[in-house]
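Residue numbers (my numbering), protein chains in the order written: chain A, 1 to 96; chain B, 1 to 274.
Report on the following structure.
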Amino acid sequence: MSGNGGTVRLRLYGALRQVAGSREVELPCPGVTVKQVLRDFAEAHVPRAANLLFDRQGNIWSSLIVLVNEEPVAHEGPTPVKAGDVVSVLMPLAGG
Amino acid sequence: MSAFTEEQIERYSRHIILQEVGGKGQRKLLAASVLVIGAGGLGSPVGLYLAAAGVGTIGVVDCDAVELSNLQRQVLHATPDLGQRKCLSAQATMEAINPDVTVIPHDLRLTSANALEVISGYDVVVDGADNFPTRYLVNDACVLLGTPLVHAGILRFEGQVTTVAPGRGPCYRCLYPEPPPPGMVPSCQEAGILGATAGVVGALQATEALKLLLGIGEPLIGRLLIYDALDMVFRSIKVARDPHCLVCGEAPTITELIDYEQFCGVVVGKETVS
Numbered sequence: 001m002s003g004n005g006g007t008v009r010l011r012l013y014g015a016l017r018q019v020a021g022s023r024e025v026e027l028p029c030p031g032v033t034v035k036q037v038l039r040d041f042a043e044a045h046v047p048r049a050a051n052l053l054f055d056r057q058g059n060i061w062s063s064l065i066v067l068v069n070e071e072p073v074a075h076e077g078p079t080p081v082k083a084g085d086v087v088s089v090l091m092p093l094a095g096g
Numbered sequence: 001m002s003a004f005t006e007e008q009i010e011r012y013s014r015h016i017i018l019q020e021v022g023g024k025g026q027r028k029l030l031a032a033s034v035l036v037i038g039a040g041g042l043g044s045p046v047g048l049y050l051a052a053a054g055v056g057t058i059g060v061v062d063c064d065a066v067e068l069s070n071l072q073r074q075v076l077h078a079t080p081d082l083g084q085r086k087c088l089s090a091q092a093t094m095e096a097i098n099p100d101v102t103v104i105p106h107d108l109r110l111t112s113a114n115a116l117e118v119i120s121g122y123d124v125v126v127d128g129a130d131n132f133p134t135r136y137l138v139n140d141a142c143v144l145l146g147t148p149l150v151h152a153g154i155l156r157f158e159g160q161v162t163t164v165a166p167g168r169g170p171c172y173r174c175l176y177p178e179p180p181p182p183g184m185v186p187s188c189q190e191a192g193i194l195g196a197t198a199g200v201v202g203a204l205q206a207t208e209a210l211k212l213l214l215g216i217g218e219p220l221i222g223r224l225l226i227y228d229a230l231d232m233v234f235r236s237i238k239v240a241r242d243p244h245c246l247v248c249g250e251a252p253t254i255t256e257l258i259d260y261e262q263f264c265g266v267v268v269g270k271e272t273v274s
């Protein structure tokens with residue numbers, strides 16, 4: 001399950017999509033948790049996404065739904081992410 | 001139940017011919033009531049389709065007036081309606097489509113003080129509000145009353161839809177226990193919305209409401225449907241009830257409506273709720 005040169009796809013919605021300027025980004029697979037994937041995305045790729053993903057304590061906002069391969073996962077859980085996985089981040093939409 | 005008139009048989013013939021609807025289902029619709037929250041981007045297609053379908057009583061909650069920037073997507077209203085109360089413009093349009101339908105305009109802003117009274121008595125609620133405080137208020141009120149709720153939210157080219165059946169599946173709080181911090185999720189006013197996206201998502205809500213009233217098919221209970229108009233993809237994800245949910249969990253702490261502006265961190269009088 002460790003980093004093996006593969007990649008994960010990070011699918012973005014809502015304000016994250018706007019900040020990243022794309023609907024999906026491909027990231028080197030770190031072979032760790034969803035939290036690390038999001039941290040890597042924010043720190044290395046789109047610094048402006050950090051505030052949308054993490055609160056002041058560095059936890060993933062409780063208002064986000066994180067999916068690995070379309071299954072919701074716990075934010076702080078040890079869910080491993082492996083090469084080929086698709087991680088999605090959903091946020092609620094207020095618009096009507 | 002009263003018999004159909006000849007005009008009704010013709011008007012609803014494409015429904016009646018459906019095995020899943022039939023005359024029996026059409027009578028159910030004529031005897032049913034739905035409350036539509038917001039006569040905007042979502043509420044417009046919802047109101048149009050529910051009225052056309054012959055849902056006998058349709059309440060429309062909206063306290064705004066029709067503005068020019070609404071007309072790009074809010075198809076209940078037309079250019080001559082500019083400046084009119086939205087709930088009255090909606091009523092005129094819907095009753096013109098189908099005189100069988102009684103539209104009840106609620107020219108008010110839903111609050112903790114009036115929500116239970118406004119919502120109670122309706123068979124199904126459809127949420128097409130445009131702000132988080134109203135969305136949590138409507139969810140909590142529907143859970144407390146046990147009223148099914150068809151929720152949807154839209155932004156830019158995206159939409160999310162789910163159906164809350166209190167006691168039978170997760171509620172909006174189970175999905176999103178807390179709203180995002182104020183300012184984090186932009187409104188349609190700030191970030192835009194492709195008009196037809198509202199049409200697609202509102203039509204999905206109308207479909208869900210009709211299914212609930214007819215008791216047919218599989219509603220989006222325990223599922224969140226995500227619509228992505230740019231990729232033109234629908235994704236459905238399974239969502240579970242949260243046993244710790246503050247309103248529908250095993251030991252709920254929200255047993256009456258709370259202050260939703262405060263809950264959502266909205267500074268009253270500063271945050272515009274359009």
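Glycine included, every Cβ here is placed at the ideal spot set by N, Cα and C.
With 16 as the cutoff for other CB atoms within 10 Å, does residue i come out buried or exposed?
i                        : result
proline 105 of chain B   : buried
aspartate 259 of chain B : exposed
threonine 93 of chain B  : buried
valine 233 of chain B    : exposed
serine 187 of chain B    : buried
arginine 277 of chain B  : Since the first residue shown for chain B is 1 and the last is 274, residue 277 of chain B is missing from the structure and cannot be characterised.
threonine 272 of chain B : Low confidence applies here, because threonine 272 of chain B scores a pLDDT of 41, under 50, leaving its location unreliable and the question unanswered by this model.
leucine 53 of chain A    : buried
glycine 40 of chain B    : buried
alanine 196 of chain B   : exposed
lysine 270 of chain B    : Note that lysine 270 of chain B scores 44 on pLDDT, short of 50, meaning its location in the model is unreliable and no value can be drawn from it.
threonine 134 of chain B : buried
arginine 14 of chain B   : exposed
histidine 151 of chain B : buried
lysine 35 of chain A     : buried
aspartate 55 of chain A  : exposed
asparagine 69 of chain A : exposed
alanine 44 of chain A    : exposed
lysine 24 of chain B     : exposed
glutamine 26 of chain B  : buried
leucine 144 of chain B   : buried
In this structure, does DSSP put residue i in helix, strand or coil?
i                         : result
glycine 202 of chain B    : helix
arginine 27 of chain B    : helix
serine 236 of chain B     : strand
histidine 15 of chain B   : helix
glycine 153 of chain B    : strand
proline 72 of chain A     : strand
glutamate 67 of chain B   : coil
threonine 147 of chain B  : coil
proline 92 of chain A     : coil
glutamate 256 of chain B  : coil
threonine 162 of chain B  : strand
isoleucine 216 of chain B : coil
valine 81 of chain A      : coil
threonine 207 of chain B  : helix
alanine 3 of chain B      : coil
leucine 283 of chain B    : Look at the range of chain B in this structure, 1 to 274, and you will see that residue 283 of chain B is not part of it.
leucine 82 of chain B     : coil
valine 138 of chain B     : helix
glycine 269 of chain B    : Any answer about glycine 269 of chain B is weak, because its pLDDT of 47 lies below 50 and its placement is not dependable; what the coordinates show is given next. If DSSP states are grouped into helix, strand and coil, glycine 269 of chain B belongs with coil.
valine 86 of chain A      : strand
valine 34 of chain B      : strand
Could you spell out where the beta strand (DSSP E) holding residue i opens and where it closes?
i                        : result
tyrosine 227 of chain B  : 223-228
leucine 27 of chain A    : 24-28
leucine 12 of chain A    : 7-12
proline 105 of chain B   : 102-106
valine 126 of chain B    : 124-127
isoleucine 58 of chain B : 57-61
Just curious, the alpha helix (DSSP H) that residue i is in, first and last residue?
i                       : result
glycine 41 of chain B   : Looking at the DSSP string, glycine 41 of chain B is not in any alpha helix (DSSP H), and its letter there is neither H nor E.
valine 37 of chain A    : 34-40
valine 21 of chain B    : Neither: valine 21 of chain B is in no alpha helix (DSSP H) and is coded neither H nor E.
threonine 93 of chain B : 86-97
valine 118 of chain B   : 115-119
alanine 50 of chain A   : 50-53
cysteine 188 of chain B : 188-191
leucine 64 of chain A   : Premise fails: leucine 64 of chain A is in no alpha helix (DSSP H) and is neither H nor E.
cysteine 174 of chain B : 172-175
How many whole angstroms separate the CB atoms of residue i and residue j, which I take to be in contact at a CB cut-off of 8 angstroms?
i                        : j                        : result
aspartate 228 of chain B : glutamate 178 of chain B : In fact, because the Cβ distance is near 24 angstroms, the residues do not count as touching under 8 angstroms.
proline 166 of chain B   : cysteine 142 of chain B  : 6 angstroms
leucine 42 of chain B    : glycine 202 of chain B   : 4 angstroms
valine 164 of chain B    : tyrosine 172 of chain B  : 6 angstroms
valine 86 of chain A     : arginine 11 of chain A   : 6 angstroms
valine 239 of chain B    : proline 92 of chain A    : With a Cβ gap of about 12 angstroms, valine 239 of chain B and proline 92 of chain A do not count as contacting.
glycine 119 of chain B   : threonine 147 of chain B : The displayed chain sequence assigns isoleucine, not glycine, to residue 119 of chain B. About 6 angstroms; that satisfies the 8 angstroms criterion.
glycine 222 of chain B   : glycine 169 of chain B   : 4 angstroms
valine 185 of chain B    : alanine 94 of chain A    : 6 angstroms
Kindly list, in the order they appear in chain D, the residues whose Cβ is closer than 7 angstroms to that of residue i.
i                     : result
serine 187 of chain B : In summary, chain D is missing from the structure at hand, where the protein chains are A and B.
Should residue i be counted as a contact of the ligand NAD given a C-beta to heavy atom distance under 8 angstroms?
i                         : result
isoleucine 237 of chain B : As presented, the structure is devoid of all ligands, the ligand NAD included, so that no description of it is given.
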